[in-house]
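The block underneath contains the structure these notes are about, expressed in structure tokens.
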Amino acid sequence: MNFSNRVYKLCKKIPKGKITTYKIIGKILGGKWRIYRVVGRALNKNPYSDVPCHRVILSSGRLGGFNKGLKNKTRLLRKEGIEIKNNKINLKKYLYKF
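The opening residue of the sequence shown carries number 1097 in my numbering; numbering runs sequentially from there.
And the structure:
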């Protein structure tokens, strides 16, 4: 299984109403320094509609990017009950621990 597919497989495990970070996914997949960028690129090119890329954010709690636009990412997260204040999410409250 290639790296991108391993990223997608992990993303599918994130339940509704929870988030994780690019960095956490990278560490789980055995990545080294700056692997979060590779995770982000894989998610940006996600061809599958059942992979919830919107549930992956920056380690700072900021939303980061989304190939369908940040407005859509914000809408999807709020629809799942996640509070976003000042473009940030409370990691202590919403972080999913694999």
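Yeah, the Cβ is synthetic: ideal placement off N, Cα and C, and Gly gets one too.
Counting C-beta atoms within 10 angstroms of its own C-beta, PHE1194 has fewer than 16 neighbours from the protein chains shown and is therefore classed as exposed. Taking C-beta atoms as the reference points, ARG1158 and ASN1142 fail to come closer than 8 Å. For the pair GLY1127 and LEU1154, the Cα-to-Cα distance works out to about 16 Å. When beta bridges are read from the DSSP output, LYS1184 appears opposite ARG1158 and LYS1181.
ILE1115 is bridged by DSSP to LEU1191.
Scanning LEU1139, LYS1181 and VAL1103 for the CA closest to the CA of GLY1161 turns up LEU1139.
Closest by C-alpha distance to VAL1147, out of SER1100, ASN1101 and CYS1107, is CYS1107.
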